[in-house]
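If you're matching positions, the sequence shown starts at 1 in the UniProt record's numbering and goes up one per residue. Written out below as structure tokens is the structure these notes cover.
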Amino acid sequence: MMPEEPAAPDRSPLPPILAVVAVESAGLGMILPLLPFYASEFGATPLTIGLLLASFSLCELLAAPILGKASDLFGRKRLLVASQIGTCASFLLLALAPNLAVVFAARILGGLSAGNISIATAYVSDRTAPHKRRQAIGFVSAAMGVGTMVGPALAGVLAPMGLAVPFGVAAVVSLASILATCLLLPAEGQQPIHKPAPAPFLAQIGGLLALPQVKHLLAALALLFMAFSLFGSQFALVLHARFQWQGRPFDPTEIGFVFVAAGAINILVQVVVMPLLGKALRERTLAMASFSLLAIGFMIIGLVGTVPALAAGIVMAATGIALARPTLVAALSLIVPATSQGAAMGMAQSMAALINIVAPIAGGLLIEGQHFTGWAMALVGLALAGIAVVALSPAGSDSSKRADP
């Protein structure tokens with residue numbers, strides 16, 4: 001299954017793929033804090049902003065499983081470069097947008113090419129032994145944390161020059177990630193990476209969904225994605241409406257640094273906390289603890305409008321997200337066959353995209369109506385539901401070994 005060269009141990013591909021993920025995430029991190037304000041300059045309401053985010057996710061929903069399966073058949077590196085080119089073009093179009101329609105077009109293009117992270121995760125799964133899988137995927141999350149720390153910081157510095165400027169810089173950063181992929185990422189030792197599964201793609205997806213462990217893990221991931229999307233899609237607007245710094249509402253600079261703090265917490269959790277907890281706790285216990293932190297963090301952020309409370313809530317929520325995602329994704333990768341890694345990750349990304357169609361619109365309706373408490377309680381309810389799903393999941397979801405190919 002692996003290339004025969006002895007110079008390709010499990011760890012060797014990690015530094016370049018982590019560099020690619022970090023650089024790509026930095027580009028995305030520059031976009032997210034500013035997009036609501038940028039769209040508002042073209043007359044977008046909170047509901048319209050929700051629709052803008054949903055348009056990206058709808059296209060991601062359509063494209064992600066195709067990109068994931070294509071990477072199983074034709075190689076991770078080729079598909080990763082293709083998706084990165086689309087992302088770079090979408091950033092450039094966004095920077096040059098003369099009206100809201102072009103902003104929508106840019107996000108649609110970005111959604112159609114949004115397979116980067118799932119392909120990178122599948123690449124890591126290919127090159128990592130099962131017992132190291134959770135830690136390796138945790139490193140991917142840490143690399144994302146580096147990007148989401150650096151990106152918003154750059155956005156906060158560049159925003160005073162004009163909200164379009166960070167989008168142009170994001171295009172340059174994305175171009176750098178393409179070069180990093182081409183120059184640093186080892187090509188697969190054989191093509192295709194895995195022999196094509198005999199079952200058709202849709203039948204293969206159906207076979208995965210027939211596994212009870214997969215169903216429960218996807219349900220837990222769905223609740224995590226729903227909470228993260230409902231939270232993240234409107235967080236900048238909530239910060240601007242409910243929190244003040246030096247007597248004025250949070251502006252893009254302050255909001256950018258809030259995202260920086262969340263990214264720093266992500267890195268700390270993945271590098272320091274996750275290796276320790278991963279040895280001490282089973283996946284089920286760790287996932288339940290993660291959802292518990294989310295519930296507490298969301299409640300504090302939503303109900304207490306002071307900066308110290310915001311800081312405490314961000315620490316808890318960011319820690320919960322940083323722990324939950326790699327734990328659940330690694331558990332999923334361990335129970336699907338090697339021939340279905342790309343399909344499984346693409347399926348998870350498609351589910352996230354489907355959720356990201358609904359959640360930003362729902363969040364936009366709540367925030368446009370000034371229902372901040374309802375928004376917070378919805379987040380808390382999703383986190384509590386996540387605890388229940390994990391607690392009721394079959395024992396096989398707490399897996400230490402993967403399915404056979």
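Glycine is no exception: its CB is placed at the ideal position from the N, C-alpha and C atoms.
I'd like to check one pair, C59 with L112: are the Cβ atoms closer than 8 Å?
yes
Pairwise C-alpha distance: A352 and T285
Their Cα atoms are separated by approximately 23 Å.
Other residues of its chain near A385: CB distance less than 8 Å, five sequence neighbours each side excluded:
If we look at A385 and ignore the five residues flanking it on each side, its Cβ neighbours are L223.
Less than 7 Å between C-beta atoms, sequence neighbours within five positions excluded: which residues of the same chain meet that for A261?
I314
Nearest to A142 by alpha carbon, out of P130, M161, I117?
I117
Just checking my contact of L73 with G346 at CB under 8 Å: how many whole Å lie between their CB atoms?
Contact doesn't hold; Cβ gap of about 12 Å is too wide.
V260: first and last residue of the uninterrupted alpha helix (DSSP H) it sits in:
252 to 268
If you draw a straight line from the C-alpha of R248 to the C-alpha of G297, how long is it?
24 Å
Between which two residues does the alpha helix (DSSP H) carrying V169 extend?
That run of the alpha helix (DSSP H) goes 164 to 184.
If we count the other Cβ atoms within 10 Å of its Cβ and call it buried at 16 or more, is T373 buried or exposed?
exposed
If we require 4 or more residues per run, which alpha helix (DSSP H) segments fall completely within the stretch 280 to 361?
283 to 303, 307 to 334
Which same chain residues, not among the five before or five after L310, have their C-beta less than 7 Å away from its C-beta?
F243, I301
Note the first and the last residue of the continuous alpha helix (DSSP H) segment covering A97.
A97 -> no alpha helix (DSSP H), and no H or E assigned at all.
On the DSSP letters alone, give me the boundaries of the alpha helix (DSSP H) that G381 sits inside.
372 to 392
Relative to the C-alpha of P36, which candidate in A63, A220, M316, A164 has its C-alpha closest?
A164
Alpha-carbon to alpha-carbon, A19 and A176
The alpha-carbon atoms of A176 and A19 are separated by roughly 10 Å.
Is it buried or exposed, P98, if we count other Cβ atoms within 10 angstroms and call 16 or more buried?
Burial check for P98: the Cβ neighbour count within 10 Å stays below 16, so the residue is exposed.
Local Cβ density within 10 Å of E254, reported as buried at 16 or more and exposed below that
buried
Pull up the distance between the alpha-carbon of A105 and that of F257, whole angstroms please.
28 Å
Beta-carbon proximity of F56 to V103, cut-off 8 Å
Not a contact, by the Cβ cut-off of 8 Å.
Whole-angstrom Cβ separation of A227 and V390, contact assumed at under 8 Å?
About 13 Å separates the two Cβ atoms, so there is no contact after all.
Per DSSP, what are the beta-bridge partners of R248 in this structure?
W245
M149: which of Q349, A264, I17 sits nearest, CA to CA?
A264
Residue from L92, A317, H371 with nearest C-alpha to V238:
H371
Tell whether a beta-carbon distance below 8 Å holds between V271 and A322.
no
Simplified DSSP state of S113, which is helix, strand or coil
coil
Cβ-Cβ distance between V172 and I17 below 8 Å
no
Could you give the DSSP three-state label for F56: helix, strand or coil?
helix
With DSSP as the reference, label P152 as helix, strand or coil.
When secondary structure is reduced to three states using DSSP, P152 falls in the helix class.
Please work out which residues of its chain come closer than 6 Å, Cβ to Cβ, to I24, disregarding the five sequence neighbours upstream and downstream, and give them in chain order.
Note that residue 24 is Glu in the sequence shown here, rather than Ile. Excluding sequence neighbours, E24 sits near N116, S177.
Cβ neighbour criterion (16 or more within 10 Å) applied to R133
Its Cβ being crowded by 16 or more others within 10 Å, R133 is buried.
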